[in-house]
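K.L.:
Add 1 to the 1-based position in the sequence shown for this note's numbering, that's all there is to it.
Mind looking over this structure? Questions follow.
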Amino acid sequence: MERTFEEHEIIVSKTNRTGHITYANRVFQRVSGYGEAELLGRPHCLIRHPDMPRCVFRFLWDRIAHGHEVFAYVVNLCKNGDHYWVLAHVTPTFDASGGIVGFHSSRRVPDASALEAIRPLYADLLEVERRHRLPADQWGASLPMLEAKLEAAGVTYDEFVFGLCTA
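Set out below in structure tokens:
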């Protein structure tokens with residue numbers, strides 16, 4: 002079953018460099034169904050939905066690990082098996098010397114029209130990924146497909162995502 006949250010609400014989480022949750026706001030707790038004690042210290046992939054293409058997460062982690070922000074449409078898994086969609090804005094957190102010490106994610110309700118465009122793309126990526134057993138082989142096969150689709154459309158990843166936000 003799909004869960005939703007209010008347009009004015011923002012799901013917020015923070016992680017350390019290895020992706021373990023160090024902060025989860027009340028909206029995150031309520032929507033995901035996990036309590037604070039169940040989230041803190043756990044890897045953020047705890048809420049990874051099996052219908053979320055691995056290549057999108059690989060792309061996301063590559064970008065933030067190199068100090069760049071990223072926006073992405075993400076379907077997350079609730080504790081009880083429900084799911085919810087978000088438009089995630091993920092940024093690295095830096096220390097005083099410019100080193101990455103963690104990551105911050107703010108997630109909003111995505112536009113329905115954006116999800117209409119994302120769902121078939123993610124289904125295509127998942128179809129390619131499911132032909133492979135190992136996660137590295139999965140994203141290794143689907144990431145070039147994503148890049149080819151973006152190139153064919155004549156847009157960068159960011160342009161694609163922002164285009165859906167304003168469609």
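Glycine residues also receive a C-beta, built at the ideal position from the N, C-alpha and C atoms.
Check whether the stretch 36 to 49 and the stretch 129 to 136 are in contact - that is, three or more C-beta pairs closer than 8 Å.
P.N.:
no
K.L.:
Between His90, Phe29 and Lys15, which lies nearest to Thr23 when the distance is taken from Cα to Cα?
P.N.:
If we check each option's Cα against that of Thr23, Lys15 comes out closest.
K.L.:
Report, in whole angstroms, the separation of the C-beta atoms of Cys46 and Gly20, which I expect to be a contact under 8 Å.
P.N.:
7 Å
K.L.:
Should Thr92 and Ile65 be called a contact, given that it needs their Cβ atoms to be closer than 9 Å?
P.N.:
yes
K.L.:
Let me know the secondary structure DSSP gives Pro136 once reduced to three states.
P.N.:
helix
K.L.:
With the cut-off set at 9 Å, would you say Phe72 and His90 are in Cβ contact?
P.N.:
yes
K.L.:
With H, G and I counted as helix, E and B as strand and the rest as coil, what does DSSP make of Ala38?
P.N.:
Ala38 carries a helical assignment under DSSP once its states are collapsed to helix, strand and coil.
K.L.:
Can you list, in chain order, the residues of its chain whose CB lies under 8 Å from that of Thr5, leaving out five sequence neighbours each side?
P.N.:
The answer, listed in chain order, is Tyr85 and Val110.
K.L.:
Extract the residue ranges of the beta strand (DSSP E) inside the stretch 55 to 97, only unbroken runs of 3 or more that lie entirely within it.
P.N.:
Segments of the beta strand (DSSP E) lying fully in the stretch 55 to 97: 71 to 78 and 84 to 95.
K.L.:
Rounded to a whole number of angstroms, what is the C-alpha to C-alpha distance between Met53 and Ser98?
P.N.:
Here the C-alpha atom of Met53 lies approximately 35 Å from the C-alpha atom of Ser98.
K.L.:
Do Ala115 and Leu144 have their beta-carbon atoms positioned less than 9 Å apart in this structure?
P.N.:
no
K.L.:
For Arg108, name the three-state secondary structure that DSSP assigns.
P.N.:
strand
K.L.:
What does DSSP give as the partner residue(s) for Ala25 in the beta ladder?
P.N.:
Ser14
K.L.:
Using only the alpha-carbon positions, how far apart do Ile101 and Ile12 sit?
P.N.:
22 Å
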